[in-house]
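**Student:**
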Amino acid sequence: MGLTFEMEMGRAIVPSGNNMQPDYLGIWERIAPYWDDFVGDDGNQFQQTLIMPATDQLLALQPGETVLDVACGNGNYSRRMAAAGAIVTGFDGAPHFIERARERTKSVGLNVDYFVQDATDEAGLEQLGEQRFDAAVSSMAIMDFDPLDPLLRAVHRALKPGGRFVFSIPHPCFNSNSPVMTAELEEQDGRLEHIYGVKVTRYKSEGWSYTRGLLHQPEPHYLMHRTFQTLFNVAFKAGFVVDGFEEPCFPWQQKGKNVFSWPKRPDIPPAVVVRLRPTVR
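Numbering (this note's numbering), first residue to last: 3 to 283.
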């Protein structure tokens, strides 16, 4: 679904148990029009500054390569890849996102094959086929659903030998499990300095929570917090190894207007971008 985590406002958290199976797709279908209007054709500041450049680097797509965009949202990254010469297939579990993705892609004269598919439905994911894609990508989305195992198994099957899967998520250490944005005034060498940080009191506790990723989002959606240990072990079990890892931060010279925004914290990464490669079959 392409979560971006503007964090211009405090996160509304309602913790829930690990065994809960929320109606996450129903929520995304309802809020998809708001998200599409907000991020537009090319993505918002979070995507453009942090996620897309790091994903581009790890994905290293070549013209003519086939690529799968998992939980593609309104297709902004699908279009970016198609414009660079890739042959792109994208899917999302929210039909409204796919409708908007098709409209936006057609309006700019690009060709992307979009379809509706729940990323947790293993039987439905069989349509991805075997050794079909040179690469796969999922931009700020895999924390939106659970379980993750069916998708990783399907992507492993769908990748050609030597392929890669690049995904991004909110940083599990700093931007996932009920963080608190802090702002303090300190005296340093006789000068008063504003110090912006993040207070984290939980990491190992995994499970669903509610969150609002965009300003004035009409309804909170669910987020599944997973530790790096859990995330990577699921990937290893599916037959992947990790061979690329980026922790993008906002540049020091970019000043955020809101004291609770991530640009005010240029030394703390709000997201991670990871590259997986399938082991030898």
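Ideal Cβ placement from N, Cα and C applies to all residues, glycine included. Owing to the predicted nature of the structure, the values given are computational and were not obtained by experimental measurement.
So, do the segment 83 to 103 and the segment 56 to 65 have three or more beta carbon pairs nearer to each other than 8 Å?
**Tutor:** Flag = yes, the segment 83 to 103 and the segment 56 to 65 touch.
**Student:** Output the distance between the C-alpha atoms of V261 and Q255, rounded to the nearest integer angstrom.
**Tutor:** Roughly 15 Å separates the two Cα atoms.
**Student:** Using a threshold of 8 Å, state whether the C-beta atoms of D94 and V118 are closer than that.
**Tutor:** Cβ atoms of D94 and V118: closer than 8 Å.
**Student:** For Q38, collect the residues of the same chain with a Cβ closer than 6 Å to its Cβ; drop the 5 residues on either side in sequence, then sort them by chain order.
**Tutor:** Just to set this straight, residue 38 is Asp in the shown sequence, not Gln. These residues qualify, in order along the chain: N76, R102.
**Student:** Helix, strand or coil for L150? Go by DSSP, reduced to three states.
**Tutor:** Three-state result, L150: coil.
**Student:** Name the DSSP beta bridge partners of H223, please?
**Tutor:** Note: H223 sits in a beta bridge opposite T213.
**Student:** Can you tell me whether K259 is buried or exposed? The criterion is at least 16 other CB atoms within 10 Å of its CB, across all chains shown.
**Tutor:** Burial call: exposed.
**Student:** Taking the DSSP output, what are the residues bridged to S140?
**Tutor:** Looking at the DSSP assignment, S140 forms a beta bridge with F169.
**Student:** Relative to the C-alpha of W264, which candidate in P97, D136, T184 has its C-alpha closest?
**Tutor:** Closest option to W264, Cα to Cα, is T184.
**Student:** To the nearest angstrom, report how far apart S207 and A73 are at their CA atoms.
**Tutor:** Cα-Cα distance, rounded: 25 Å.
**Student:** Using DSSP bridges, identify the partner residues of H196.
**Tutor:** For H196, which the question treats as bridged, DSSP gives the partners L187.
**Student:** Less than 8 Å between the beta carbons of Y224 and S141, yes or no?
**Tutor:** It is not a contact, given that the beta carbons lie outside the stated cut-off.
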